[in-house]
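The structure appears right after this line, and notes come after that.
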Amino acid sequence: MKFSDILLLPRSLYQKTGGRKITLYIGIFLIGVVDIASDVVFNWQNIFGNKPEVNLLLNILIALLLAAVVGFIDVTFFAIPLFDIFKKFKKEGEVREPQNIQRIRLMKVYMLAHIVIVPVEIVIYAIVGKSTNLNYDLVTYIAVLLAFVLPFWFAAAISRGIKSIYKFMPVFRGLVFFLVFVWTYALSYAFDFGIDWLMKMFYGL
188 MKFSDILLLP RSLYQKTGGR KITLYIGIFL IGVVDIASDV VFNWQNIFGN
238 KPEVNLLLNI LIALLLAAVV GFIDVTFFAI PLFDIFKKFK KEGEVREPQN
288 IQRIRLMKVY MLAHIVIVPV EIVIYAIVGK STNLNYDLVT YIAVLLAFVL
338 PFWFAAAISR GIKSIYKFMP VFRGLVFFLV FVWTYALSYA FDFGIDWLMK
388 MFYGL
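Numbered by the numbering used here, the letters in the sequence shown go through residues 188 to 392 in order.
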């Protein structure tokens with residue numbers, strides 16, 4: 188296996204994505220879990236600690252619903268605008284699948300790319316967390332460096348997947364990474380703000 192396959196996942200894995208909706212729905216929920224996980228862990232005591240049984244069950248159900256909703260928003264907000272752009276980049280005669288299948292495959296590429304970054308995010312969170320008082324030893328420096336590199340890494344994995352499932356005209360291939368990076372970076376800021384706001388409402392219940 189090539190080193191690039193380890194860092195960005197093999198092209199063959201992206202090419203195996205299909206239009207099955209059940210795996211799409213499962214993926215959307217899992218993306219939502221990833222999106223809210225750090226906030227839930229950080230606010231665990233406020234959400235689940237010292238709650239009456241009825242409130243505890245209600246908060247669990249709300250957390251699951253929140254994961255599904257956030258995952259749906261995350262995946263659709265990523266895929267739909269970029270799909271509308273990328274379909275103009277494709278070579279004439281290369282599009283053989285219905286547009287809804289092509290869109291689902293793009294969503295699944297986005298989901299698969301999380302396999303690359305989630306373990307790294309867990310390591311970063313375990314070392315740095317949300318602390319503002321960091322002890323800058325070597326491990327912390329590495330974690331901060333990874334946090335800086337991660338958006339580029341994520342965009343590179345997604346771009347590799349997109350180029351694996353679509354055949355673009357050569358003039359447009361170089362634009363894929365730029366568009367993916369800008370869009371995912373902007374979305375991450377919007378989502379961080381939105382999730383923080385939702386979590387404040389949530390742990391106030």
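Glycine included, every Cβ here is placed at the ideal spot set by N, Cα and C.
Could you have a look at residue i and say whether DSSP puts it in helix, strand or coil?
| i | result |
| --- | --- |
| F276 | coil |
Exposed or buried, what is residue i when buried is set at 16 or more other beta-carbons lying within 10 Å of its beta-carbon?
| i | result |
| --- | --- |
| K275 | exposed |
| Y353 | buried |
| M386 | buried |
| F265 | buried |
| R290 | buried |
| A373 | exposed |
| Y201 | buried |
| D222 | buried |
| A343 | buried |
| L251 | exposed |
| L253 | buried |
| L196 | buried |
| F341 | buried |
| V358 | exposed |
| V228 | exposed |
| L325 | exposed |
| L194 | exposed |
I'd like the list of long-range same chain contacts for residue i, defined as Cβ closer than 7 Å, with 5 residues on each side in sequence excluded.
| i | result |
| --- | --- |
| I218 | G258, D261, V262, M298, H301 |
| G381 | none |
| S225 | Y312 |
| R283 | none |
Suppose the cutoff is 8 Å on Cβ atoms and the five residues either side in sequence are ignored; what does the same chain contact list for residue i look like?
| i | result |
| --- | --- |
| I345 | V296, Y297, A300, V367, T371 |
| V363 | F273, F276, S346, I349, K350, F355 |
| V310 | A330, L333 |
| L337 | I304, V307, E308, I311 |
| V315 | L321, T327, A330, V331, A334 |
| A255 | I215, F216, G219 |
| M188 | P197 |
Take residue i and list the residues in its own chain whose beta-carbon comes closer than 6 Å to its own, dropping the five residues that flank it on each side.
| i | result |
| --- | --- |
| T204 | R292, K295 |
| I405 | As displayed, the chain neither begins before 188 nor continues past 392, which places residue 405 out of reach and without an answer. |
Less than 7 Å between CB atoms is the rule here; does residue i satisfy it with respect to chain C?
| i | result |
| --- | --- |
| L195 | Going by chain labels, chain C is absent from the structure shown, which holds only one protein chain. |
- Message: I'd like to know if the segment 196-215 and the segment 290-300 are in contact, where contact means that at least 3 CB-CB pairs between them fall below 8 Å.
- Response: yes
- Query: Does the segment 321-341 come close enough to the segment 245-252 to have 3 or more Cβ pairs within less than 8 Å?
  - Reply: no
- Item | Segments of 4+ residues assigned as alpha helix (DSSP H) that fall wholly inside the segment 285-329 | 286-314
- Task: Jot down the residue ranges of each uninterrupted alpha helix (DSSP H) in the segment 202-230, minimum 4 residues, whole runs only, in chain order.
- Result: 208-229
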